[in-house]
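K.L.:
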Amino acid sequence: MLLAIETSCDDTAAAVLEGRKVLSNCIANQNVIHKTYGGVVPELASRAHQSKIVPVISQALVEANIDKKQLTAIAYTQGPGLLGSLLVGGSFAKSMALALDLPLIPVNHMHAHLLVHFIDGYVTPEFPFLGITISGGHTQLILVKGYFNFELIGTTLDDAIGEAFDKCGKIMGLSYPAGQEIDKLAKNGDKHRFAFPIANPKGYNVSYSGIKTAFMNFIKIEEAKDSKFIKKNLNDLCASLQNSLIQTILNKIKIVSNDFGLNRIVIGGGVAANSEICNELKKQKTKNRLELFIPPIEYTTDNAAMIGIAGYFKLNERKYGNLFDESKSRLQI
Ligand code: KG4
Ligand code: ZN
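Using this note's numbering, the first residue of the sequence shown is number 1149, and each one after it goes up by one.
1. If you draw a straight line from the C-alpha of Gly1317 to the C-alpha of Leu1289, how long is it?
2. In the structure shown, what three-state DSSP assignment does Glu1465 receive?
3. Buried or exposed: Tyr1460, going by 16 or more other Cβ atoms within 10 Å of its Cβ?
4. Within a Cβ cutoff of 6 angstroms, which residues of the same chain sit near Ser1392, ignoring the five residues on either side of it in sequence?
5. Would you please state the rounded distance, in angstroms, between the beta carbons of His1261 and Ser1283? I believe it to be under 8 angstroms.
6. For Gly1232, which of Glu1166, Cys1157, Val1204, Ala1176 has the nearest alpha-carbon?
7. Measuring CA to CA, which of Val1404, Arg1341, Lys1400, Gly1229 is closest to Gln1390?
8. Given 8 angstroms as the limit, is there contact between the region 1208 to 1216 and the region 1160 to 1167, that is, 3 or more CB pairs closer than that?
9. Any heavy atom of the ligand ZN closer than 7 angstroms to the beta-carbon of His1265?
10. Please classify Lys1315 as buried or exposed, where buried requires at least 16 other C-beta atoms within 10 Å of its C-beta.
11. Going by the beta-carbon positions, is the gap between Leu1248 and Leu1219 smaller than 8 angstroms?
12. I'd like to confirm the pairing. Which residues does DSSP put opposite Asp1159 in its beta bridges?
13. The ligand ZN and Asp1215: does any heavy atom of the ligand fall closer than 7 angstroms to the residue's C-beta?
14. Using a strict less-than 5 angstroms threshold between each residue's beta carbon and the heavy atoms of the ligand KG4, what residues do you get?
15. Is Tyr1468 buried or exposed, if buried means 16 or more other CB atoms sit within 10 Å of its CB?
16. Among Arg1168, Leu1171, Lys1169, Glu1154, which residue has its Cα nearest to the Cα of Asn1482?
17. Use the C-beta contact count for Asp1159: other C-beta atoms within 10 angstroms, 16 or more gives buried, fewer gives exposed.
18. Could you give the residue range of the beta strand (DSSP E) that holds Gln1218?
19. Considering only residues of the same chain and omitting the five flanking positions on each side of Ala1152, which have a CB-CB separation below 6 angstroms?
20. Under a three-way DSSP split, which group does Phe1441 fall into?
21. Under 6 angstroms Cβ to Cβ from Ala1362, same chain only, skipping five residues before and after it: list those, please.
22. Restricting to Cα atoms, I'd like to know which of His1257, Gly1417, Met1244, Ala1245 is closest to Leu1234.
23. The ligand ZN and His1257: does any heavy atom of the ligand fall closer than 7 angstroms to the residue's C-beta?
24. Measuring alpha carbon to alpha carbon, tell me which residue in Leu1385, Leu1278, Lys1376, Pro1203 is nearest Asp1331.
25. Quickly, what does DSSP pair Ala1223 with across the bridge? List them, please.
26. Cβ atoms of Thr1303 and Tyr1356: under 8 angstroms apart, would you say?
27. What's the gap between the Cα of Gly1409 and the Cα of Ile1442?
28. Are the beta-carbon atoms belonging to Ala1312 and His1286 less than 8 angstroms from one another?
29. Can you tell me the Cβ-Cβ gap for Ile1253 and Lys1462, rounded? I've got them flagged as a contact below 8 angstroms.
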């Protein structure tokens, strides 16, 4: 019975897992708080985590129908993420583990986005596979050879793909986070109407800041000519922007998959919820005989169940430190 806590950015989340089975998966979203600013304000995120962490953990225990005394381990997001946000979840997890005398398991957030595919009830990928983490903070291509064997092949040189969705959405006046809304509006738009750049840096890395700047400049020029340009063309803008954002990563997936001989593709992270990227990958699945793993929608954006499943594997392999051992506890917080 493992309690998992996730507070890396702006979602306060807790889950209870019994082995690989998710008994509860609760999230207190902070979108309302950050909406006004068009992005996450770290200080406000930490404060919101502080006020939400107790109710969310209580709810996770209630929904799992267990008492905290039945817990056998606690896992939490160690990083990467916003320091103030991570500290709230990390300190809470550490205190609770001390109080209940339980093993404390630090988890890497990005690994967890991929290990979510091993939650009970879903078809699980075999190793090795090409892991693609696409989120608000990261865009990574990872060679995954085992539960704890992750080799970073490519990453973004600047912005993350989700960040580009959100910032371009902000330029169009959409509220934060804009990815889901762009996805929805794009369904009624023409993706070939406007051509935005598809960045292709050498090697296996990607880049998103250029697309963002090109989009911003284009909007400025068009709005100067017609102040209602965005409103009149919103669906086409969303479809065309989305197309260049996803083609950027799809091109690299193709290259890495060929170069490394990996035809098993596993995606994770908030942008894995994007319907167009999933459709495009599904097309390639048939064409290039890819084995494709897309997470269930509830496990795409940040959640604690993914921290729980990663914690479960670490617990099994005793990959955690001892709270009372100074040398090891440095690993934990
Ligand atoms: O994984 P996540 O919850 O947080 C991070 O670890 O960063 O990802 C959040 C990101 C946001 O940028 C959000 O706009 C994006 O995922 N997102 C989407 C969709 N749903 C969420 N982007 C494109 N299409 C979607 N359907
Ligand atoms: Zn995430």
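All C-beta atoms, glycine included, are put in the ideal place defined by N, C-alpha and C.
P.N.:
Taking the definition as stated:
1. 25 angstroms
2. coil
3. buried
4. Phe1344, Ile1346, Ile1359
5. 7 angstroms
6. Cys1157
7. Arg1341
8. yes
9. no
10. buried
11. yes
12. Asn1177
13. no
14. Ser1283, Gly1284, Gly1285, Gly1310, Phe1313, Asp1314, Pro1325, Gly1327, Gln1328, Asp1331, Gly1417, Gly1418, Val1419, Ala1421, Asn1422, Thr1449, Asp1450
15. buried
16. Residue coverage of the chain in this structure runs from 1149 to 1481, which leaves residue 1482 outside it and unanswerable.
17. buried
18. Counting along the chain, Gln1218 falls outside any beta strand (DSSP E), and DSSP gives it neither H nor E.
19. Ala1163, Ala1223, Ala1452, Ile1455, Gly1456, Gly1459
20. strand
21. Phe1344, Pro1345
22. His1257
23. yes
24. Leu1385
25. Ala1152, Ile1253
26. no
27. 20 angstroms
28. no
29. 5 angstroms
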